[in-house]
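**Q** For the record, the sequence lines run as chains C and D.
Plus 353 on top of the position in the first sequence (first one is 1) and you've got this note's numbering.
Plus 353 on top of the position in the second sequence (first one is 1) and you've got this note's numbering.
All residues carry an ideal CB built from backbone N, CA and C; glycine is no exception.
2 protein chains.
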Amino acid sequence: MGKETLIAFIQSNIPHFFVTNEALHVIADQFQEVEIARNDFFLKAGKVSNYMFLASGFMRAYTLDTNGDEVTTYFYPPNRMVFEVSSFFQHTISTENIQAVTDCKGYFITFEQLNRLFHNVPEFREFGRLMLVKEFVAYKQRTLAMINKSAEERYSELMTNNSEVFLHASLKHIASFLGITDTSLSRIRREYAKKGV
Amino acid sequence: MGKETLIAFIQSNIPHFFVTNEALHVIADQFQEVEIARNDFFLKAGKVSNYMFLASGFMRAYTLDTNGDEVTTYFYPPNRMVFEVSSFFQHTISTENIQAVTDCKGYFITFEQLNRLFHNVPEFREFGRLMLVKEFVAYKQRTLAMINKSAEERYSELMTNNSEVFLHASLKHIASFLGITDTSLSRIRREYAKKGV
DNA sequence: ACTATTTCTTGTCATTTGGCAAGTACCTTC
DNA sequence: GAAGGTACTTGCCAAATGACAAGAAATAGT
């Protein structure tokens, strides 16, 4: 019931291997549907992360800096796996929070279930590796894209490459994501609006 | 010969599984010894990354920013796997360089060889996943530790947590790693020396 | 609909960091 | 050991960003 997007996502992410429909359903059966209302949490600091396919909605990850202020570290658009690597794969308490920015729907699985699947459906291991690589690469690209750029350039890049963020997240969250204060972001937007005419 | 450190490293990174000595040697046999002299490259931008165990020496990864200036993105102490995720796992051309900061010795393997090993020695897959997770976590921790800190705080943390970097890398490389100019780093060190007395 | 709360903007001023240029010290290499 | 290069430091000034505080606008709760 409604796991079509999950199944399609898995299928399109197991390259070089043929997976039977039966295997796909064995996999999908392990995932449990979950709805997360706006501002509610998929992961709270202090808990251990699960592994979720975000079918619809928009999420953000954030942590507290040394001053106790929230810093948004990531935005998750739909059709992505959502998890905190460190906590999920090492079964450790998370320091990050993952929160629904809009109402979300997803399918999640625990570490134990995932490993059982890896054991029972060997082809599925490839999916696991791919997700890990994909997330790592995405994370790295984001940090590299930030290097030696002014706040305005970072803003500009986010606007062109991830404009959907602006449709969902608050400017405060976006500001901390860009590594600046909401005050500065506001000023940058003013300047940017002037130029863009 | 001399692959003992490699073998010991692999063995200590395949948790929950028993690997026979024979299997360990099948694995180690695929790795090829390599020596990289100071300032020479393990990976050059434009090439595809291999996967190397750094047995001795010290390396750094760097890329060019939009102004064409070198930005050090990572330092590798010995007893670590060295590779560029994106390039290695997706067989794509690297934009990063990985260079020996001191004379290095290591053992490397190609993507094809690694996959053949994963196929022939299934227990070894666990090692592959662990390395991916470890590197991802290390990378993330570094970026998170940098959040909302002044240049001086970042310097201070590097001093306390990774002081070995200062034994090998030049201040110019360290400055770009900290996201500042060598000029600023020099000033910070002066202030820091005063306080530390 | 009214109030309270949160979000966003704006002003003033201080601080951090960078750009540039010059100077010193060290290290190669022939 | 002289010459040239690289690494590091320092001074002066400019630019970017933050801190704080107040106001305007939007949103949520009752």
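1) Under 7 Å Cβ to Cβ from H521/D, same chain only, skipping five residues before and after it: list those, please.
2) In chain order, which beta strand (DSSP E) runs of at least 3 residues are fully inside the region 435–471 of chain D?
3) Taking the DSSP output, what are the residues bridged to Q385/D?
4) Assuming F477/D is part of the alpha helix (DSSP H), what are its boundary residues?
5) Would you please verify whether the beta carbon of K553/C is less than 9 Å from any beta carbon of chain D?
6) Taking the straight line between their C-alpha atoms, what separation do you get for L485/D and M405/D?
7) From the beta carbon of F442/D, is the nearest beta carbon of chain C less than 9 Å away?
8) Hey, how far is the Cα of K547/C from the Cα of R413/C?
9) Is V550/C close to chain D? Criterion is C-beta to C-beta, closer than 9 Å.
10) Could you tell me whether any Cβ in chain C is nearer than 9 Å to the Cβ of R482/D?
11) Just to make sure I have the definition right: I need the residues of chain D whose C-beta is within less than 9 Å of the C-beta of D535/C. Which are they?
12) Output, in chain order, the set of chain C residues within a Cβ distance shorter than 9 Å of Y348/D.
13) Tell me whether V550/C is buried or exposed, calling it buried when 16 or more other Cβ atoms sit within 10 Å of its Cβ.
14) Can you tell me where the alpha helix (DSSP H) with T513/C in it begins and where it stops?
15) Run the CB neighbour count on G481/C, radius 10 Å, all protein chains shown included, and call it buried at 16 or more, exposed below.
16) So is I462/C buried or exposed if we call it buried at 16+ other beta carbons inside 10 Å?
17) Can you grab the Cα-Cα spacing for the pair N473/D / A504/D, in whole Å?
18) Hey, is T463/D's beta-carbon within less than 9 Å of any beta-carbon in chain C?
19) Any idea which residues DSSP pairs L396/C with across the strands?
20) Spatial neighbours of L511/C within its chain, please: CB distance less than 6 Å, with the 5 preceding and 5 following residues excluded, ordered by chain position.
21) Indicate the three-state DSSP secondary structure (helix, strand or coil) for A546/D in the structure shown.
22) Do I533/C and T425/C have their C-beta atoms closer together than 9 Å?
23) If you measure beta-carbon to beta-carbon, which residues of the region 403–426 of chain D are closer than 9 Å to chain C?
24) Could you check which residue in K458/D, K397/D, Q452/D has the C-alpha nearest to that of T445/D?
25) Starting from the C-beta of E386/D, find all residues in its chain whose C-beta is less than 8 Å away, skip the five residues before and the five after it, and write them out in chain order.
26) Does the distance from the CB of E423/D to the CB of S529/D come in under 9 Å?
27) For chain C, check one thing: does any of its Cβ atoms lie closer than 9 Å to the Cβ of R469/D?
28) What is the rounded straight-line gap between the Cα of T373/D and the Cα of Q364/D?
29) Per DSSP, what are the beta-bridge partners of L417/D in this structure?
**A** Considering the structure as presented:
1) For the purposes of this step, residue 521/D is taken as residue 168 along the second sequence, with counting starting at 1. So the qualifying residues of the chain are F411, V454, T455.
2) Taken in chain order, the complete beta strand (DSSP E) segments of 3 residues or longer contained in the region 435–471 of chain D are 450–453, 457–462.
3) Numbered from 1 along the second sequence, position 32 holds the residue referred to as residue 385/D. DSSP, once it has assigned bridges, lists F461/D as partnering Q385/D.
4) Counted from its first residue, the second sequence places residue 477/D at position 124. Looking at the DSSP string, the run of the alpha helix (DSSP H) that includes F477/D is 477–499.
5) Summary: the structure shown does not reach residue 553/C, with chain C confined to residues 354 through 550, and so no result is reported for it.
6) For this step, residue 485/D is matched to residue 132 along the second sequence. For this step, residue 405/D is matched to residue 52 along the second sequence. Computed Cα separation, rounded: 13 Å.
7) On the second sequence, residue 442/D is found 89 positions in, with the first residue counted as 1. Nearest CB-CB separation between F442/D and chain C: below the 9 Å threshold.
8) Here residue 547/C is taken as the residue at index 194 of the first sequence, counted from 1. Here residue 413/C is taken as the residue at index 60 of the first sequence, counted from 1. For K547/C and R413/C, the distance between alpha carbons rounds to 29 Å.
9) Reading the first sequence from its first residue, position 197 is the one you call residue 550/C. Model confidence at V550/C stands at a pLDDT of 47, short of 50, so the residue's coordinates are unreliable and nothing is read from them.
10) For the purposes of this step, residue 482/D is identified with residue 129 of the second sequence, where counting begins at 1. Yes - at least one Cβ of chain C is within 9 Å of the one on R482/D.
11) Position 182 of the first sequence, counted from the first residue, corresponds to residue 535/C. Under a criterion of Cβ atoms nearer than 9 Å, no residue of chain D is adjacent to D535/C; the nearest Cβ is some 13 Å distant.
12) Since the first residue shown for chain D is 354 and the last is 550, residue 348/D is missing from the structure and cannot be characterised.
13) Numbered from 1 along the first sequence, position 197 holds the residue referred to as residue 550/C. Bear in mind that a pLDDT of 47 at V550/C, under 50, signals an unreliable position, so the number given afterwards is only what the model happens to contain. Exposed.
14) Sequence index remark: in the first sequence, residue 513/C carries index 160 (1-based). For T513/C, the enclosing alpha helix (DSSP H) stretches over residues 504–514.
15) The residue given as residue 481/C occupies position 128 in the first sequence. By the neighbour-count rule (16 or more Cβ atoms within 10 Å), G481/C is buried.
16) On the first sequence, position 109 is the one that residue 462/C refers to. Under this definition I462/C is a buried residue.
17) Position 120 of the second sequence holds residue 473/D. Position 151 of the second sequence holds residue 504/D. Cα-Cα distance, rounded: 48 Å.
18) As a first step, residue 463/D is located in the second sequence; it is residue number 110 there, counting from the start. T463/D does not count as touching chain C.
19) By 1-based counting over the first sequence, the position of residue 396/C is 43. According to DSSP, residue pairing for L396/C in a beta bridge involves I451/C.
20) On the first sequence, position 158 is the one that residue 511/C refers to. Only residues of its own chain outside the window of five on either side were considered, and among them none has a CB closer than 6 Å to the CB of L511/C.
21) Here residue 546/D refers to the residue found at position 193 when the second sequence is read from its first residue. Residue state, collapsed to three classes: helix.
22) For the purposes of this step, residue 533/C is identified with residue 180 of the first sequence, where counting begins at 1. For the purposes of this step, residue 425/C is identified with residue 72 of the first sequence, where counting begins at 1. No, the Cβ-Cβ distance between I533/C and T425/C is not below 9 Å.
23) For the region 403–426 of chain D, the residues whose beta carbon sits under 9 Å from a beta carbon of chain C are, in order, T416, D418, T419, N420, D422, V424, T426.
24) Taking the first residue of the second sequence as 1, we reach residue 445/D at position 92. For T445/D, the nearest C-alpha among the options comes from K397/D.
25) The residue given as residue 386/D occupies position 33 in the second sequence. Only G355, K356, K458, G459, Y460 meet the Cβ criterion.
26) As a first step, residue 423/D must be located in the second sequence, where it is residue number 70. As a first step, residue 529/D must be located in the second sequence, where it is residue number 176. Contact check for E423/D against S529/D passes: the beta carbons are separated by less than 9 Å.
27) One-based indexing of the second sequence puts residue 469/D at position 116. Closer than 9 Å to the CB of R469/D there is not a single CB belonging to chain C.
28) The sequence position of residue 373/D within the second sequence is 20, counting from 1. The sequence position of residue 364/D within the second sequence is 11, counting from 1. Put simply, the backbone Cα of T373/D is about 10 Å away from that of Q364/D.
29) Taking the first residue of the second sequence as position 1, residue 417/D is located at position 64. Among the bridge pairs identified by DSSP, L417/D is matched with E423/D.
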